[in-house]
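Beneath this line is the structure, given in C-alpha cells, with notes to follow.
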Amino acid sequence: MARIDRSECFCMDMEWYGIDRNGNIAVFCSAGEGYLPEFVCEDAERTDELMEYFDTIEKITDSSLFFKSIERAEQVARGFSDKGLYYFDSDDGTRFGIATLHEYYTKRSAPLRPLEYERLPEHIRDLLGHNRMDVEDFSAIHVLHVKHAYEVRI
Numbered sequence: 001m002a003r004i005d006r007s008e009c010f011c012m013d014m015e016w017y018g019i020d021r022n023g024n025i026a027v028f029c030s031a032g033e034g035y036l037p038e039f040v041c042e043d044a045e046r047t048d049e050l051m052e053y054f055d056t057i058e059k060i061t062d063s064s065l066f067f068k069s070i071e072r073a074e075q076v077a078r079g080f081s082d083k084g085l086y087y088f089d090s091d092d093g094t095r096f097g098i099a100t101l102h103e104y105y106t107k108r109s110a111p112l113r114p115l116e117y118e119r120l121p122e123h124i125r126d127l128l129g130h131n132r133m134d135v136e137d138f139s140a141i142h143v144l145h146v147k148h149a150y151e152v153r154i
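Using full-length UniProt numbering, the letters of the sequence shown map in sequence onto residues 1 to 154.
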C-alpha cells in the first residue's frame, strides 16, 4: 500500500471519490490546490482503482450544471454527473473562463438520478467504504471543506 506523499498533493490534479451518509457518491477534482483527506492519501492504489472503475461506467442519467456553460468545463461536469456522481471542483467558477482554484470544493454539477452505493460491485463498495465523509447529503451542500491529510498544525 503506497501512500500519496505531500509533494504529490500540491502538484497533481487528483481525482478522488467520497460517499456521504445517504450513500451518494461524489467525485472531487483538486487541480493541485484542493485539500486531500487522509483516506485518499493513505492508499494510492485504492485511489487509482476507484478512478479506473468510475472512468469505465456508462451514462445512467442526465445532470444539472451549477455554472455558466463553457464547452470543456461542461463536458467534464456532465461526464461525471451523467454517471450518477455529484461533481465538486477546486475551481469555484467565480471567474468565467478563468480557473479560480481554492483549497475547498464547490459543487459544479449533480446527477438527476444519483448512482446508488449499494448497486456497485462488492469489491468497489469495499474500496469506496474507506472514503466515507462526514456529510449527510451531497445534494444539500454547495461548498465542501475537507481536512487535508498533511494539514500543518501550529
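Heads up, the beta-carbon is just placed ideally off N, CA and C, and yes, glycines get one too.
In the DSSP annotation of this structure, residue 45 is not part of any beta strand (DSSP E); the continuous alpha helix (DSSP H) holding it starts and ends at 44 to 56.
Taken in chain order, the whole alpha helix (DSSP H) runs of length 4 or more contained in the region 77 to 141 are 122 to 128.
Here the alpha carbons of residue 140 and residue 42 stand approximately 28 Å from one another. Residues of the same chain with a CB within less than 6 Å of the CB of residue 142, apart from the 5 flanking positions on each side, are 107 in chain order. Taking the CA atoms as reference points, residue 76 sits about 9 Å from residue 87.
Excluding the 5 residues flanking it on each side, residue 62 has same chain C-beta neighbours closer than 7 Å at 82, 112, in chain order.
Closest in C-alpha terms to residue 23, from the list 74, 85, 66, comes 85. Under the three-state reduction of DSSP, residue 40 is assigned to helix. Restricting attention to 145, 16, 21, the CA atom closest to the CA of residue 135 is found in 21. For residue 66 and residue 123, the gap between their C-alpha atoms comes out near 32 Å.
With a threshold of 16 other beta carbon atoms within 10 Å, residue 114 meets it and is buried. Using a Cβ distance threshold of 7 Å, residue 109 and residue 30 do not count as a contacting pair.
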